[in-house]
Amino acid sequence: MVRSLKWKIFLLFGVLVMVGVSSLSYVIFQYAAGSFSKQVGTGLKATAECVAQLIDADRLEAIQTQDDPYHQEVKHLLWLFSERFNLSWLGLYRYNGRFLVHVADGSDLGDGFCYGYPIMDVPEEIPRAWETGEPTSTDNYQDAFGNWAAAFHPIRNKAGKVVGILDVSRDMDEVGELRQGILVQTIRLTILIGLVTLVTCFLVAGFTTRPLEQVSRAVREISGGRLNTRIPRLTSSLEIETFIDSFNVMMVSLEKSQSDLHRRIGELKALNEISEKINFASSTLEILKVILEKSVQSLEATRGSIMLFDEEKQALVVQVVWAEGIENATSRIEIKPGEGVAGKAFADRVPVVFNRIPDGTLKPYEEGISSSIQNILCVPLLLEKKPIGVVNIVNRRAGEFGEADIALASTMGAQVALTLEKARLYEMAITDGLTKLYVHRYFQLSLDTELRRSHRYGKAFSLILFDIDHFKKFNDTWGHQTGDMVLSHVARVLKENLRAVDLAARYGGEEFAVILPESDLQSGFAVAERIRKAVEAFDFPGQSQVLKVTISLGISAFPLHGTEKLDLVRKADLALYKSKERGRNTSTVFDESFGNAPPAKH
571 MVRSLKWKIF
581 LLFGVLVMVG
591 VSSLSYVIFQ
601 YAAGSFSKQV
611 GTGLKATAEC
621 VAQLIDADRL
631 EAIQTQDDPY
641 HQEVKHLLWL
651 FSERFNLSWL
661 GLYRYNGRFL
671 VHVADGSDLG
681 DGFCYGYPIM
691 DVPEEIPRAW
701 ETGEPTSTDN
711 YQDAFGNWAA
721 AFHPIRNKAG
731 KVVGILDVSR
741 DMDEVGELRQ
751 GILVQTIRLT
761 ILIGLVTLVT
771 CFLVAGFTTR
781 PLEQVSRAVR
791 EISGGRLNTR
801 IPRLTSSLEI
811 ETFIDSFNVM
821 MVSLEKSQSD
831 LHRRIGELKA
841 LNEISEKINF
851 ASSTLEILKV
861 ILEKSVQSLE
871 ATRGSIMLFD
881 EEKQALVVQV
891 VWAEGIENAT
901 SRIEIKPGEG
911 VAGKAFADRV
921 PVVFNRIPDG
931 TLKPYEEGIS
941 SSIQNILCVP
951 LLLEKKPIGV
961 VNIVNRRAGE
971 FGEADIALAS
981 TMGAQVALTL
991 EKARLYEMAI
1001 TDGLTKLYVH
1011 RYFQLSLDTE
1021 LRRSHRYGKA
1031 FSLILFDIDH
1041 FKKFNDTWGH
1051 QTGDMVLSHV
1061 ARVLKENLRA
1071 VDLAARYGGE
1081 EFAVILPESD
1091 LQSGFAVAER
1101 IRKAVEAFDF
1111 PGQSQVLKVT
1121 ISLGISAFPL
1131 HGTEKLDLVR
1141 KADLALYKSK
1151 ERGRNTSTVF
1161 DESFGNAPPA
1171 KH
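In terms of this note's numbering, the sequence shown opens at residue 571 and continues consecutively.
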């Protein structure tokens, strides 16, 4: 009878626990698998939007061949995101009037489709995204290469025209394999827990019925005449730690998977927020501030900085600082390569982490101020493996920096490096190499912009054209090297006598142009005279003697002398010619008595 009771207890608890464990495992699997699929779709959309924000639509539209420099830059960007987020496919297409054609993809260099390759087999979401200009997505579509979950994001230029479609896809077979892996892991854990549960139930049944067995044995012994038999003290202990530990193992495993998914989504969300804020940034410095702020917040730290390498000082110099609760934080710290944590990260070109740092160990932000750094993560900024700076993240509130923090900071650092490289390339494209002034084409674009602004707000502005007197004489007498020196120093003097809002450009040869926003004719003439006198007073270094240089200037003003670009430029040029006629080294304001004939060559 005791044995029968033991097995009944064992079967009762065993069946109930097994049913409960199986049901719970099934619910957990369904939740984890469903959450995983949902997060995959959300991640694809966030990635597509982030990448689309980083692509220059106007430069993309200008790509004609795969040899275009921007084609390689776009391909490299797609490759970076493909590698970082383990995407199955990251491609960029555009419509040629008949069908979609391939522009670039994130495959390894040399792989993937050829530039201009027609894309025939496309889901209906791609044409819809092109026509509406709105992002689309699909949970499952099939083509010749397999089944895909994808997000499609249009790339629009400044006019709102769609010039490309970004395809971010994940192979559903891979997703299915991941789901299958979760299922297999869940089944394994369920079997393990089941076995442990059966053993536990058996032990529980045994511990429960042991006192009854002892009583029964004692009764039999007493019935046999052994009256000195004593019933031992009855005790019972139900040990369920094994079951709890096994269940916790399963929960820890599932919790880790869920945590990893949430972290990845958090990274994508942070990148998406960065891309949204970048749209409203007006300068490279402001973009860096946005990236730094999101990096510090995403890593749950209190402050951070971006340091760039100064070639002249041969030191890392702080460019941007962000501190929690402090507006316009600044720092004047400079660090040599190899010095401190930041210098080591820069010199070694690898992330460096220090946790549990005693106060006063590191170099302070300002002289006499304690650094108060408990932990720090420094990530080098690399362009084609060349270090250009460092991102510093300081004092993580949630404890020490780990591998996941390093990975996220490295992603943010790559975005900083990409932003700096784009700014550098853009600066090179619009800047004259000799004078460091803007080039003629950028001057024309800026003049168009100023005309539109002045038309809209009813503001005046002045335009100055000038050239160097007898410049050919310098080249013929002293050589072209001296001529280049004169051009360079004139440009320097020019910039020293202008406001930050004024725009100076090399118009061509020895000619220069200046746009003076919100400056009427009187102000424009005063600026022209200031420039003329500054150049006249400047001592230009010669081979054997100090050289003196003069300039002749012509001034026109909006709207006094015209409201169209060609009129303003022509009249400033006529005024410049009059300065030449009047003996040079003078400033002349346009007058209608000059006529409309084009100026002679000066």
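All C-beta atoms, glycine included, are put in the ideal place defined by N, C-alpha and C.
The Cβ atoms of Ala917 and Val949 lie no closer than 8 Å to each other. Contact fails between the segment 1040-1050 and the segment 981-997, because fewer than three Cβ pairs, one in each stretch, are under 8 Å apart. About 7 Å separates the Cβ atoms of Asn1155 and Glu1106, confirming a contact at the 8 Å cut-off. As a beta-bridge residue in DSSP terms, Pro1087 pairs with Phe1031.
Ser1114 sits in coil when the DSSP states are folded into three classes, being neither helix nor strand. For Pro639, the uninterrupted alpha helix (DSSP H) run begins and ends at Pro639 to Phe655, by DSSP. When the alpha-carbon of Ile943 is set against those of Val911, Val1060, Gly959 and Asp737, the nearest one is in Val911. Per the C-alpha coordinates, the member of Ser1093, Ile857 and Val769 positioned closest to Ala1030 is Ser1093. Take the alpha-carbon of Ile1085 and the one of Lys1150: they are about 21 Å apart. For Val887, the enclosing beta strand (DSSP E) has its first and last residue at Ala885 to Ala893. Around Gly734, the same chain offers Leu630, Leu662, Arg664 and Ile725 as residues with beta carbons nearer than 6 Å, after the five sequence neighbours per side are excluded.
CA-CA distance, Val1116 to Ile1125, rounds to 30 Å. Residue Ala977 holds the alpha-carbon nearest to the alpha-carbon of Phe655 among Ser865, Trp718, Leu765 and Ala977. Residue state for Pro688 is assigned as strand, using DSSP reduced to three classes.
Only residues of its own chain outside the window of five on either side were considered, and among them none has a CB closer than 7 Å to the CB of Ala632. The alpha-carbon of Leu995 is positioned some 10 Å away from that of Thr1001.
Between Asn945 and Glu970 a beta carbon distance of about 6 Å is seen, short of the 8 Å cut, so the two are scored as contacting. Collapsing the DSSP output to three states places Thr1158 in a strand.
The segment 953-962 makes contact with the segment 877-886; the number of CB pairs closer than 8 Å reaches 3 or more. In this structure the segment 1070-1082 lies against the segment 1028-1043, because at least three pairs of beta carbons, one per stretch, are closer than 8 Å.
Residue range Leu1073 to Gly1078 is occupied by the beta strand (DSSP E) that includes Ala1074. Here DSSP, grouped into helix, strand and coil, assigns Gly972 to coil. Taking the Cα of Lys956 as reference, the smallest distance to any Cα among Val920, Arg967 and Ala968 is reached at Val920. Excluding its 5 nearest sequence neighbours in each direction, Leu862 has C-beta neighbours in its own chain below 6 Å: Gly874, Ile876, Val890 and Trp892, listed in chain order. Judged by beta-carbon spacing, Val888 lies within the 8 Å limit of Ile903, meaning their Cβ atoms are closer than that value. Bridge partners of Lys859 according to DSSP: none are assigned. Residue burial is scored here from C-beta neighbours: Phe1013 has at least 16 other C-beta atoms within 10 angstroms and is therefore classed as buried. By the Cβ criterion, the segment 1138-1152 is not in contact with the segment 1055-1074, since fewer than three pairs of Cβ atoms, one from each stretch, lie closer than 8 Å. Note on geometry: alpha-carbon atoms of Gln750 and Leu670 lie some 35 Å from one another. Note that the C-beta distance between Gly611 and Ala699 is not below 8 Å.
For Ser607, the closest C-alpha among the options Ala1142, Lys1043 and Asn710 is that of Asn710. Of the candidates Pro688, Asp675 and Val732, the residue whose Cα lies closest to the Cα of Thr702 is Val732. Beta-bridge pairing by DSSP links Tyr665 to Leu670. For Asn945, the three-state secondary structure derived from DSSP is coil. In this structure, the straight-line span from the alpha carbon of Leu1017 to that of Asp1161 is close to 21 Å. Ranked by Cα distance from Lys645, the options Leu1138, Ala674, Pro1129 and Leu765 are led by Ala674.
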